[in-house]
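Heads up: the sequence shown begins at 1 in UniProt numbering, then just goes up one per residue. Built from N, CA and C at the ideal position, the CB exists for glycine as well.
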Amino acid sequence: MKGVMRLKLAKKKRIALIAHDRMKKDLIEWVEFNKGTLSRHELYATGTTGTLIEERTNLKVHKFKSGPLGGDQQIGAKIAEGEIDILIFFWDPLEPLAHDVDIKALIRLATVYNIPVAINRSTADFLISSPLFESEYEKIQPDYETQLRERIMKVVGEVKHSD
1 MKGVMRLKLA
11 KKKRIALIAH
21 DRMKKDLIEW
31 VEFNKGTLSR
41 HELYATGTTG
51 TLIEERTNLK
61 VHKFKSGPLG
71 GDQQIGAKIA
81 EGEIDILIFF
91 WDPLEPLAHD
101 VDIKALIRLA
111 TVYNIPVAIN
121 RSTADFLISS
131 PLFESEYEKI
141 QPDYETQLRE
151 RIMKVVGEVK
161 HSD
């Protein structure tokens, strides 16, 4: 297909784990329950969540800053760089958040780069139990770089013709 990229995800996934304060207990319980599966993958998390996961499970977690201090944005950057394959984000829909724009930006990037996202325990259960979770997978996403170059060339052409 024109205008798309096919990217291969390895069997070993790079998984970002994030939870709002009132949801951390649920995420940690979920990680404990799925420790065997998650131990075969590379885990990333925002600061507090990552520390709690390491303390409770002894799993190795690459930690970023706390979410409100830029951790959500750091994970978003990793998504944009193609270095995160799955996002598990237990967020609290009833809690007003000071860093809501960061969360929206993170979810937007996950959508732009077509990575699986679970925002609650049920979805995380479905995701981790999928045979694709521990298999190679070819994902398809728009080729934004080519689209951008084509738009730039079009604008350059229009500017040259207007002179």
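Same chain only: Cβ atoms within 7 Å of K8, ignoring 5 sequence neighbours per side: E136, E138
Below 7 Å CB to CB, which residues in the same chain sit around Q141 once its five sequence neighbours on both sides are set aside? V4, M5, L7, Y113, N114
With DSSP collapsed to three states, give me the class of P142. strand
Give every residue of the same chain whose Cβ lies closer than 6 Å to the Cβ of Y44, excluding the five residues on either side of it in the sequence, and list them in chain order. A16, H62
Alpha helix (DSSP H) containing L109: first to last residue? 100 to 112
On the three-state DSSP scale, how would you describe F64? coil
Q73: buried (16+ other C-beta within 10 angstroms of its C-beta) or exposed? buried
Does the beta-carbon of I126 have 16 or more other beta-carbons within 10 angstroms, so that it is buried, or is it exposed? It is worth fixing the name first, because residue 126 is Phe in this sequence and not Ile. With fewer than 16 Cβ atoms within 10 Å of its Cβ, F126 is classed as exposed.
Going by the DSSP bridge assignment, what does R14 pair with across the sheet? E42
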